[in-house]
Amino acid sequence: MNFIEKLAIRLSLAKAEIYMVLILLGFLMLGVIIKQIHSVENADLLIKKAEAARYSEAEVDSLISIAAKEEEKVNDDVLREAAAEEKDKVVEKKPKHPASGKKVFTGTLSFNKASSLQLQKIQGIGPVMAGRLITFRTEKGGKVKQFEDFLEVKGISSKKLEVLKQHFTLE
Numbered sequence: 061m062n063f064i065e066k067l068a069i070r071l072s073l074a075k076a077e078i079y080m081v082l083i084l085l086g087f088l089m090l091g092v093i094i095k096q097i098h099s100v101e102n103a104d105l106l107i108k109k110a111e112a113a114r115y116s117e118a119e120v121d122s123l124i125s126i127a128a129k130e131e132e133k134v135n136d137d138v139l140r141e142a143a144a145e146e147k148d149k150v151v152e153k154k155p156k157h158p159a160s161g162k163k164v165f166t167g168t169l170s171f172n173k174a175s176s177l178q179l180q181k182i183q184g185i186g187p188v189m190a191g192r193l194i195t196f197r198t199e200k201g202g203k204v205k206q207f208e209d210f211l212e213v214k215g216i217s218s219k220k221l222e223v224l225k226q227h228f229t230l231e
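Residue numbers (this note's numbering): 61 to 231.
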């Protein structure tokens with residue numbers, strides 16, 4: 061007599077019933093194993109998400125370092141501009157035309173990047189008008205796109221606008 065026949069006698073079940081119980085127990089065990097594998101896969105997925113989050117923090121750190129480099133560039137540009145303005149002050153103190161006390165500027169400036177001292181080089185623009193122009197530029201978002209917009213600034217008429225057109229570029 062084999063094991064299944066002995067078990068059938070002890071439990072008072074037929075062989076077919078024993079086989080069905082064994083098959084059901086097999087499926088039950090298979091379900092437990094599959095569930096365990098699925099939970100391991102979920103845990104692995106969660107670990108990968110946590111690593112991705114950690115790496116995204118590294119990305120934020122790299123963005124911060126890029127911003128810091130950009131800030132250094134801006135600081136360097138400001139220092140260079142200040143040095144150039146100081147140099148221009150020294151040059152302006154030496155009168156080129158001692159007979160005439162008027163400013164003589166024949167070049168062009170990028171209005172959207174010009175400083176107050178650079179604006180004052182243009183004939184008819186003093187410290188007050190340069191301040192108004194810079195305030196106007198700031199109100200326009202740091203960029204003026206049309207020369208006609210200058211007519212909104214107090215103290216600029218169509219005649220002065222023609223002078224500004226000769227000396228400004230709107231890049």
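Idealized CB from N, CA, C, for every residue including glycine.
Measure the CB-CB distance between residue i and residue j and report whether it falls below 7 Å.
| i | j | result |
| --- | --- | --- |
| phenylalanine 228 | leucine 169 | yes |
| arginine 192 | valine 213 | yes |
| lysine 181 | phenylalanine 165 | yes |
| leucine 230 | valine 188 | no |
| lysine 219 | glycine 184 | no |
When you compare each of the options to residue i by their alpha carbons, which one comes out closest?
| i | options | result |
| --- | --- | --- |
| leucine 202 | Ala174, Val81, Lys133, Gln178 | Correcting the residue type first, residue 202 is glycine in the shown sequence and not leucine. Nearest C-alpha to glycine 202: Ala174. |
| threonine 198 | Phe171, Gln178, Lys75, Ser218 | Phe171 |
Out of curiosity, what's the CA-to-CA distance linking residue i and residue j?
| i | j | result |
| --- | --- | --- |
| methionine 80 | phenylalanine 63 | 15 Å |
| leucine 88 | serine 125 | 56 Å |
| alanine 35 | alanine 68 | Since the first and last residues shown for the chain are 61 and 231, residue 35 lies out of range. |
| glycine 186 | serine 176 | 9 Å |
| isoleucine 93 | leucine 105 | 19 Å |
| lysine 200 | serine 122 | 32 Å |
| glutamate 65 | valine 100 | 39 Å |
| asparagine 102 | lysine 108 | 10 Å |
| arginine 225 | lysine 133 | The sequence given here has lysine at residue 225, not arginine. Spanning the two alpha carbons is a distance of roughly 30 Å. |
| leucine 84 | leucine 71 | 17 Å |
| histidine 98 | leucine 82 | 24 Å |
| lysine 129 | leucine 139 | 15 Å |
Mind checking residue i: buried by the 16 CB within 10 Å criterion, or exposed?
| i | result |
| --- | --- |
| alanine 144 | exposed |
| isoleucine 216 | buried |
| glutamine 96 | exposed |
| glutamine 178 | buried |
| alanine 127 | exposed |
| alanine 110 | exposed |
| alanine 74 | exposed |
| alanine 142 | exposed |
| lysine 190 | Per the sequence shown, residue 190 should be read as alanine rather than lysine. Burial call: buried. |
| aspartate 136 | exposed |
List the DSSP bridge partners of residue i.
| i | result |
| --- | --- |
| phenylalanine 228 | Leu169 |
Given 6 Å as the limit, tell me if residue i has its C-beta closer than that to any heavy atom belonging to the ligand FAD.
| i | result |
| --- | --- |
| glycine 201 | Absence of the ligand FAD is noted for the structure shown, with no ligands found whatsoever. |
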